[in-house]
Amino acid sequence: MATHYGRAAFFLSVSALALPGVAKAQGADAAAPQQAAPEGVGDIVVTALRRASRVQDTPIAITALSEKSLQNLGATGIADIVRQVPGLNLIAGESGRTRISIRGIQTAGESTVGLYYGETPLTGPSGTSSDPSGVTPNLNLFDVERVEVLRGPQGTLYGSGSMGGTLRVIFKKPDLAKYEGAAEMGAEAVEHGEFGYSLKGAVNVPIVSDMLAARLVLYRQQNPGYVDDPTIGRKDLNRSVLEGGRFQLGFQPTGNLSMNFMTILQTQKFGGTSQWAPSEGAFISAQKVASPAYDKLQLYALETKWETPVGTLALNNSFYRWDVRQTNDNSDNYASIAASNRYCGLFQNTYAGSLLQGTSAGATTSSGTCAADAGGLTSAQLRQDYQNWAAAQQPIGNYQPRFVRNFVNELRLSSSGKGPFSYTVGLFREDRNDRVDTLVFAGIPATGEPQQPVVDLGSRYVTDEVKQSAVYGEISYRIFEPLTVTAGLRYYDYKKTVGGENLGYNYFNGQAPSAYREVTADANGLIKKFNVDLKITPDIMFYATASQGFRPGGANLTPGIPESAQTYAADSLWNYEAGFKTQWFGRRLTFNIDGYRIDWNNLQTSVQATYGNFSYIGNVGSARIEGVEVEASATPFSGLYLNAAFHYLKPRLTADQISAEVTAAGRKGDILPLIPRTTASAGAEYSFPAFNDFTGLLRADWTYTGKMTSQIRPTNALYREFGKYSMVNLRVGVQNDRLGMFLYVRNLFDKIGVNTISSASGVPDYWATTAPRTMGATIYSNF
11 MATHYGRAAF FLSVSALALP GVAKAQGADA AAPQQAAPEG VGDIVVTALR RASRVQDTPI
71 AITALSEKSL QNLGATGIAD IVRQVPGLNL IAGESGRTRI SIRGIQTAGE STVGLYYGET
131 PLTGPSGTSS DPSGVTPNLN LFDVERVEVL RGPQGTLYGS GSMGGTLRVI FKKPDLAKYE
191 GAAEMGAEAV EHGEFGYSLK GAVNVPIVSD MLAARLVLYR QQNPGYVDDP TIGRKDLNRS
251 VLEGGRFQLG FQPTGNLSMN FMTILQTQKF GGTSQWAPSE GAFISAQKVA SPAYDKLQLY
311 ALETKWETPV GTLALNNSFY RWDVRQTNDN SDNYASIAAS NRYCGLFQNT YAGSLLQGTS
371 AGATTSSGTC AADAGGLTSA QLRQDYQNWA AAQQPIGNYQ PRFVRNFVNE LRLSSSGKGP
431 FSYTVGLFRE DRNDRVDTLV FAGIPATGEP QQPVVDLGSR YVTDEVKQSA VYGEISYRIF
491 EPLTVTAGLR YYDYKKTVGG ENLGYNYFNG QAPSAYREVT ADANGLIKKF NVDLKITPDI
551 MFYATASQGF RPGGANLTPG IPESAQTYAA DSLWNYEAGF KTQWFGRRLT FNIDGYRIDW
611 NNLQTSVQAT YGNFSYIGNV GSARIEGVEV EASATPFSGL YLNAAFHYLK PRLTADQISA
671 EVTAAGRKGD ILPLIPRTTA SAGAEYSFPA FNDFTGLLRA DWTYTGKMTS QIRPTNALYR
731 EFGKYSMVNL RVGVQNDRLG MFLYVRNLFD KIGVNTISSA SGVPDYWATT APRTMGATIY
791 SNF
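Read in order, the letters of the sequence shown correspond to residues 11 to 793 in this note's numbering.
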């Protein structure tokens with residue numbers, strides 16, 4: 011590892027010479043540096059309510075992180091800010107796939123968190139199990155103005171994808187008046203792994219002064235791998251490369267009309283899975299099939315704003331296409347199924363090369379597991395023949411290319427916020443199409459690559475179409491100076507159609523050829539929100555909210571599941587919360603606290619078929635989540651900034667899960683899985699005069715992730731407990747208005763923090779964990 015750290019130091023020194031303005035800055039005479047206190051929690055202006063307001067004056071549970079806060083944290087993606095926000099959580103999956111949740115509202119199915127890049131809500135490809143929430147885009151946070159996290163249902167303003175909350179990434183827009191730019195270089199090395207680097211740049215160019223300007227951002231980031239797979243001879247297989255660009259064109263022909271066009275193009279490549287098997291050793295995978303992944307996001311958006319005498323009229327039109335290609339290892343799963351002989355009968359009856367068809371063509375066995383003799387052959391002969399064939403196909407993988415195309419249009423009118431009345435009204439329309447193809451293939455044992463020519467062990471495809479429209483509005487009335495009441499309403503209408511076709515037999519999951527078929531689910535209704543806020547003093551606010559959230563139902567086309575499980579209904583919830591937002595000692599201390607209760611009905615979640623190895627979405631009763639959120643920041647004296655966040659929740663079933671198809675169904679009082687009961691973070695940042703006009707920065711961050719479970723019912727054979735770990739990050743450097751240089755350590759004590767455990771019958775457990783200790787350096791320059 012010494013070699014990696016040496017290379018990181020060398021990269022930093024070379025970067026320092028390459029960036030513009032470095033030599034000049036180091037030799038310039040300048041006044042003593044200005045030590046402004048970092049921007050506090052309550053000082054950031056947000057647009058969460060579709061109009062501008064300070065965080066402390068916004069009567070909802072919201073956290074906002076400014077560009078400077080993100081930079082001082084060293085945050086490059088959403089995963090880097092998770093523990094800074096109470097209630098925000100990411101669940102890691104295969105090859106960088108993550109599921110995002112707020113306040114424990116997370117299950118498979120449609121998204122429970124509205125993820126907005128600019129004014130565009132992004133939803134991932136659905137996959138074979140209609141689970142778009144299982145894929146979260148990983149856009150780089152370079153040249154971002156701020157990130158807003160709205161906790162609790164935001165359905166009236168943000169729609170069906172926001173039943174748990176909304177996360178908004180607000181990009182810097184083109185500046186019509188001045189030339190500016192930024193460049194950043196970084197290098198890092200990870201314990202047990204390799205070397206990584208990043209290159210980022212942004213430039214803003216006024217084309218016609220005060221009327222037309224362009225802004226371009228380019229980036230490339232190679233994240234070092236640290237998981238090895240000796241089975242197929244691969245080292246550091248979870249290396250990933252993220253590269254892309256963001257282009258914006260801002261146009262303001264008049265003082266009250268502005269337009270902003272944005273396009274994002276990004277690709278991401280993963281060499282393989284980040285999950286590893288503890289039974290094989292730390293950061294060692296025993297997968298038998300190479301599992302690379304690739305995704306490509308193309309987004310085009312046009313935002314138009316017109317300031318009118320009655321408010322701001324906004325028209326947002328966007329289109330995106332998101333392609334994902336992923337290969338998964340099915341070897342152990344399929345070996346476990348084959349050992350049970352569950353589909354031996356299907357194999358003997360339909361496969362031309364089976365022993366039964368070879369000796370008695372057209373003969374059949376009446377036993378699905380070949381438990382009876384047939385065609386003059388004994389049960390043992392039939393089973394052995396199936397076992398021999400199944401073993402000869404190993405290793406087995408599946409290749410899944412998928413995509414989603416989405417057109418999103420929204421028209422919104424928001425008041426200026428002056429006077430006793432404030433309002434927002436709007437129209438929303440979404441037209442989304444998905445498709446996923448699945449090819450199950452036989453692999454090459456030595457490399458894990460598909461055999462050539464490809465041996466097709468069962469193909470199919472699934473399509474998903476969602477059409478959704480809504481009319482919504484919120485109105486606030488200030489009854490008297492400190493007291494304001496708000497009511498919101500959203501009428502929604504959606505239609506979801508899931509279709510698919512099985513293109514061949516799969517003798518490991520029971521798939522049989524079938525013609526195209528589809529299932530349609532549709533619904534309409536109203537969701538409501540009520541809010542009251544009381545300004546006790548200019549720096550103390552009390553607020554209370556009751557709000558609804560929902561998401562559409564859908565259909566399963568998973569092979570082998572019973573007909574009764576092929577559709578699932580919409581789920582919905584009511585959220586009740588109350589909180590205080592306070593600032594003290596001349597706003598040097600900010601302290602916010604809220605408590606909430608969520609009643610979640612008919613909840614959708616991923617359940618397992620009775621034969622143990624395949625999952626699908628079902629409705630499994632009801633749940634209640636109760637929690638407390640706290641966040642605080644303080645500036646005790648000039649140069650020192652402290653921040654902390656805390657979240658505790660109790661997510662439990664409120665009714666037994668009664669289903670003949672679900673294994674180990676939960677019972678009233680059982681805790682919902684994959685949700686940390688407690689999360690916390692604390693940070694300390696100290697700025698001080700260094701030399702010339704440079705300010706020194708020292709920052710330390712501590713985070714804690716509490717206990718989680720992998721299954722609802724403790725009696726489930728696949729039930730696991732994990733979590734309960736802390737991490738410490740350090741960052742030190744110097745900066746001024748033009749230049750910054752930093753050294754950092756993530757996961758200082760090299761802790762193995764388990765975020766997810768994947769378990770299946772007859773298969774070793776696989777862990778998704780925090781990355782090992784990582785040391786690096788970053789240098790940036792503004793011009």
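Think of the CB as a built atom: it goes at the ideal place given N, C-alpha and C, for glycine as much as any other residue.
Query: If you reduce the DSSP assignment to three classes, tell me which class Lys-78 lands in.; Result: helix
Query: Nearest CA to the CA of Gly-563: which residue from Lys-505, Asn-214, Lys-539?; Result: Lys-505
Query: Buried or exposed, going by whether 16 or more other CB atoms sit within 10 Å of the CB of Ala-33?; Result: Annotation note: pLDDT 33 at Ala-33 (below 50); position unreliable, no value reported.
Query: Have a look at Gly-175, Ser-219, Arg-445 and flag the residue whose alpha-carbon is nearest the alpha-carbon of Leu-186.; Result: Ser-219
Query: Could you tell me which residues DSSP puts in a beta bridge with Phe-601?; Result: Thr-592, Ala-642
Query: Please classify Lys-539: is it buried, with 16 or more other beta-carbons within 10 angstroms of its beta-carbon, or exposed?; Result: buried
Query: Mapping the DSSP letters down to three states, classify Tyr-168 as helix, strand or coil.; Result: helix
Query: Which residues in the same chain as Leu-387 place their Cβ atom closer than 7 Å to its Cβ, once the five residues preceding and following it in sequence are excluded?; Result: Leu-365, Leu-366, Thr-369
Query: For Asn-541, list the residues DSSP reports as bridge partners.; Result: Thr-496, Thr-555
Query: Is the separation between the beta-carbon of Ile-54 and that of Ala-74 shorter than 8 Å?; Result: yes
Query: Which value, in whole angstroms, describes the spacing of the CA atoms of Leu-544 and Leu-325?; Result: 32 Å
Query: Please say whether Arg-256 and Gln-232 have beta carbons closer to each other than 8 Å?; Result: no
Query: Please name the residue or residues paired with Tyr-776 in a DSSP beta bridge.; Result: Ser-768
Query: Just to confirm before moving on: does the CB-CB distance between Gln-667 and Val-630 stay below 8 Å?; Result: yes
Query: Classify Asp-747: buried if its beta carbon has 16 or more other beta carbons within 10 angstroms, exposed otherwise.; Result: exposed
Query: Flag this pair as touching only if the region 171-188 and the region 142-162 have three or more C-beta atom pairs under 8 Å; answer yes or no.; Result: yes
Query: Beta-carbon within less than 8 Å of Val-465's beta-carbon, same chain only, minus the 5 sequence neighbours each way: which residues are those?; Result: Gln-403, Phe-451, Ala-452
Query: According to the neighbour-count rule (16 or more other Cβ atoms, all chains shown, within 10 Å of its Cβ), is Ser-444 buried or exposed?; Result: At residue 444 the sequence reads Asp, which differs from the Ser that was named. Per the 10 Å Cβ criterion, buried.
Query: Within its chain, find whatever has a CB closer than 6 Å to the CB of Ile-112; leave out the 5 residues flanking it on each side and keep chain order.; Result: Gly-97, Leu-98, Val-123, Arg-161, Gly-174, Gly-175
Query: Taking the CB atoms as reference points, tell me whether Ser-341 and Ile-406 lie closer together than 8 Å.; Result: yes
Query: Going by the beta-carbon positions, is the gap between Gly-128 and Glu-313 smaller than 8 Å?; Result: yes
Query: Could you round the C-beta distance between Asn-585 and Ala-575 to whole angstroms and report it? I think they count as a contact, below 8 Å.; Result: Their Cβ separation, rounded to whole angstroms, is 29 Å, which puts Asn-585 and Ala-575 out of contact at 8 Å.
Query: Which residues bound the beta strand (DSSP E) around Leu-228?; Result: 222-233
Query: Between the Cα of Ala-522 and those of Tyr-433, Gln-116, Thr-568, spot the shortest distance and give me the residue it belongs to.; Result: Thr-568
Query: Count the C-beta pairs between the region 259-270 and the region 289-302 that are closer than 8 Å, then say yes if the count reaches three, no if not.; Result: no
Query: Suppose only complete runs of 3+ residues qualify. What are the beta strand (DSSP E) ranges in the region 663-737, listed by chain order?; Result: 688-701, 704-719
Query: Three or more beta-carbon pairs under 8 Å between the region 187-206 and the region 769-786, yes or no?; Result: yes
Query: Once DSSP output is grouped into helix, strand and coil, what is the label at Glu-475?; Result: strand
Query: Given this structure, state the Cα-to-Cα distance separating Leu-222 from Pro-216, to the nearest angstrom.; Result: 6 Å
Query: Helix, strand or coil for Leu-151, going by three-state DSSP, please let me know.; Result: coil
Query: Give a single yes or no on whether Pro-492 has its beta carbon closer than 7 Å to a heavy atom of the ligand SAH.; Result: Among the components of this structure there are no ligands whatsoever, and the ligand SAH is therefore not found.
Query: Beta-carbon within less than 7 Å of Phe-60's beta-carbon, same chain only, minus the 5 sequence neighbours each way: which residues are those?; Result: In the sequence under discussion, the amino acid at residue 60 is Arg, which differs from the Phe named in the question. Hits under 7 Å: Leu-167, Arg-422, Ser-424, Thr-434.
Query: Alpha carbons only, please: which of Gln-116, Leu-132, Leu-267, Gln-285 is nearest the one belonging to Ser-768?; Result: Gln-285
Query: Return the chain-ordered list of same chain residues with a C-beta closer than 7 Å to the C-beta of Ala-41, the five sequence neighbours on each side being excluded.; Result: Residue confidence is low: Ala-41 scores 34 on pLDDT, short of 50, so the model does not pin down where it sits. No coordinate-derived value is stated.
Query: Run through the DSSP bridge pairs and tell me what Pro-661 is partnered with.; Result: Ile-635
Query: According to DSSP, is Ala-781 helix, strand or coil?; Result: coil
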